[in-house]
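Asker: Under my numbering, the letters of the sequence shown match residues -8 to 265, in that order.
Where is the CB? At the ideal position from N, CA and C, for every residue including glycine.
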Amino acid sequence: MRYYLDEGSHGIVINGSSGEWYAQRADEREAVAEAGVAEVAGTVPAIVGVSSTDPATTARLIRHAGEIGADGIMLSPPAGWRLDRDELLEYYRRECGRTGLPVMVYNIPADVATNLEPELIDELADIENVVAVKESNRDDRALYETCRLVGDRIRVFGNLMNRPGLGLMANDWGADGYIGGGLLFGGELIRALEHLWSGDSEAAREFIDRLNALQRDLDDIDGNGMFGGIPGQLKAALNLLGRPGGYPRYPRRPVEGEQLEGLRRCLRSHGYEV
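(1) Where in the region 8 to 69 do unbroken runs of the beta strand (DSSP E), each at least 3 residues long, occur, reported from the N-terminal end onward?
(2) For G165 versus R139, is the C-beta distance shorter than 8 Å?
(3) Less than 8 Å between the beta carbons of L115 and M152, yes or no?
(4) So, do the region 8 to 15 and the region 231 to 244 have three or more beta carbon pairs nearer to each other than 8 Å?
(5) Where does P245 land, buried or exposed, given buried means 16+ other C-beta within 10 angstroms?
(6) Would the beta-carbon of E136 fall within 8 Å of that of P109?
(7) Using DSSP with H/G/I as helix, E/B as strand and the rest coil, what is V141?
(8) Only counting the same chain, and skipping five residues up and downstream in sequence, which positions put a Cβ closer than 7 Å to that of E179?
(9) Give every residue of the same chain whose Cβ lies closer than 6 Å to the Cβ of E126, excluding the five residues on either side of it in the sequence, and list them in chain order.
(10) Return the first residue and the last residue of the beta strand (DSSP E) that D98 is part of.
(11) Tell me which residues share the same chain as T44 and place their Cβ nearer than 7 Å to its Cβ, disregarding the 5 neighbours each side in the sequence.
(12) Would M95 and A50 be called neighbours here (beta carbons separated by less than 8 Å)?
(13) Compute the Euclidean distance between the alpha carbons of D268 and A37, then round it to the nearest angstrom.
(14) Secondary structure at R(-7), three-state DSSP: helix, strand or coil?
(15) Compute the Euclidean distance between the alpha carbons of G142 and H186, then round it to the nearest angstrom.
(16) Going by C-alpha to C-alpha distance, which of D208, N106, R146, A195 sits closest to P155?
(17) Does P93 pass the burial test, meaning 16 or more other C-beta atoms within 10 Å, or should it be called exposed?
(18) Does the separation of the CB atoms of I118 and R84 fall below 8 Å?
(19) Note down, in chain order, each residue of its chain lying with its Cβ closer than 8 Å to the Cβ of G57, except the 5 sequence neighbours on either side.
(20) Between N230, G177, V41, A104, which has its C-alpha nearest I64's C-alpha?
(21) Excluding five sequence neighbours on each side, which residues of the same chain lie with their C-beta closer than 6 Å to the C-beta of V103?
(22) Roughly how many angstroms separate the alpha carbons of N6 and V31, rounded to a whole number?
(23) Does E212 pass the burial test, meaning 16 or more other C-beta atoms within 10 Å, or should it be called exposed?
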């Protein structure tokens, strides 16, 4: 948390997907949330992820987030349930009704098995305390449609760190920013957005082009990394860069041996000193 704040992060998400919420017990997640909110201490918004596989745990985490002074919560559909439209509407209305905190809807179908279509997100945006959506669907067309439908009512975060995404943000077409896992690039990513917001699109594009080139070498087509699972690869890259990455939890495996050396070579080829 201190590293993120020192780098100038505009907000912090605690217990998101990169934070491996699915690998923690509820009491561990509460402890992590308490530590994170205390460290942020009101300097930027602290958003607590409350997604779970079961509604009872989600309700517990929502209540706890309010008790510890979080600025908002992030909520995906319950993992593994494959809910239909009516079930999703009832779920979000009920869970959002448990709190007065602002809610960020989280769409990450590759991980939770339920996709929130843009038309459904449009309906969810009518819930009083839904103020944002994090759209992690790999379908860029869905992201653009979500921006069109709800961008005038709630904040839209998504896969926007590319040239089309910069265009959406620069031209006020309903896109607002990016929530990234692990802050691999440090303050560069933050500065790219600040360049864009100040009107210097060219400076933002220079970073985006470098980011996309590295992503092409790191991301595999199956949703994992070229050098291991996404959490393990991200944490290993942070460790190589001298940042506090840590290691993934079982049954995720840490990146070691030849995979680690391959990751090191990849980062070096993109100008990182590791």
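Answerer: So, to answer that:
(1) 37 to 40, 63 to 66
(2) The residue you call residue 165 lines up with position 174 of the sequence shown. The residue you call residue 139 lines up with position 148 of the sequence shown. Yes. Within cutoff.
(3) Stepping through the sequence shown from its first residue, residue 115 is reached at position 124. Stepping through the sequence shown from its first residue, residue 152 is reached at position 161. It is not a contact, given that the beta carbons lie outside the stated cut-off.
(4) yes
(5) For the purposes of this step, residue 245 is identified with residue 254 of the sequence shown, where counting begins at 1. With 16 or more Cβ atoms within 10 Å of its Cβ, P245 is classed as buried.
(6) Working through the sequence shown from its first residue, we reach residue 136 at position 145. Working through the sequence shown from its first residue, we reach residue 109 at position 118. Yes.
(7) One-based indexing of the sequence shown puts residue 141 at position 150. Helix.
(8) Within the sequence shown, residue 179 is the residue found at index 188, counting from 1. Closer than 7 Å at Cβ, skipping near neighbours: F198.
(9) Here residue 126 is taken as the residue at index 135 of the sequence shown, counted from 1. The residues are N98, L134, T137, G149.
(10) Numbered from 1 along the sequence shown, position 107 holds the residue referred to as residue 98. The question names Asp, but residue 98 in the sequence shown is Asn. It spans 94 to 98 - the beta strand (DSSP E) in which N98 sits, taken as one unbroken run.
(11) Indexing the sequence shown from 1 puts residue 44 at position 53. The answer, listed in chain order, is P69, A70, G71.
(12) The residue you call residue 95 lines up with position 104 of the sequence shown. The residue you call residue 50 lines up with position 59 of the sequence shown. In this structure, A50 does not lie closer than 8 Å to M95 by Cβ.
(13) No answer is possible for residue 268: it lies beyond the span of the chain, which begins at -8 and ends at 265.
(14) For the purposes of this step, residue -7 is taken as the residue at position 2 of the sequence shown. Helix, per DSSP.
(15) Along the sequence shown, one-based indexing puts residue 142 at 151. Along the sequence shown, one-based indexing puts residue 186 at 195. Looking at the two C-alpha atoms, the distance is approximately 21 Å.
(16) Against the sequence shown, residue 155 aligns to sequence position 164. For the residues D208, N106, R146, A195, the minimum Cα distance to P155 belongs to A195.
(17) The count along the sequence shown starts at 1 and reaches residue 93 at position 102. Its Cβ being crowded by 16 or more others within 10 Å, P93 is buried.
(18) The residue given as residue 118 occupies position 127 in the sequence shown. The residue given as residue 84 occupies position 93 in the sequence shown. Yes.
(19) The count along the sequence shown starts at 1 and reaches residue 57 at position 66. Counting only Cβ-Cβ distances below 8 Å, and skipping sequence neighbours, we find T90, G91, L92.
(20) The count along the sequence shown starts at 1 and reaches residue 64 at position 73. The shortest C-alpha separation from I64 is found at V41.
(21) Stepping through the sequence shown from its first residue, residue 103 is reached at position 112. S67, P68, A70.
(22) Within the sequence shown, residue 6 is the residue found at index 15, counting from 1. Within the sequence shown, residue 31 is the residue found at index 40, counting from 1. If I take the Cα positions, the gap works out to 14 Å.
(23) Here residue 212 is taken as the residue at index 221 of the sequence shown, counted from 1. The identity of residue 212 in the sequence shown is Ile, whereas the question assumes Glu. Exposed, because fewer than 16 other Cβ atoms sit within 10 Å of the Cβ of I212.
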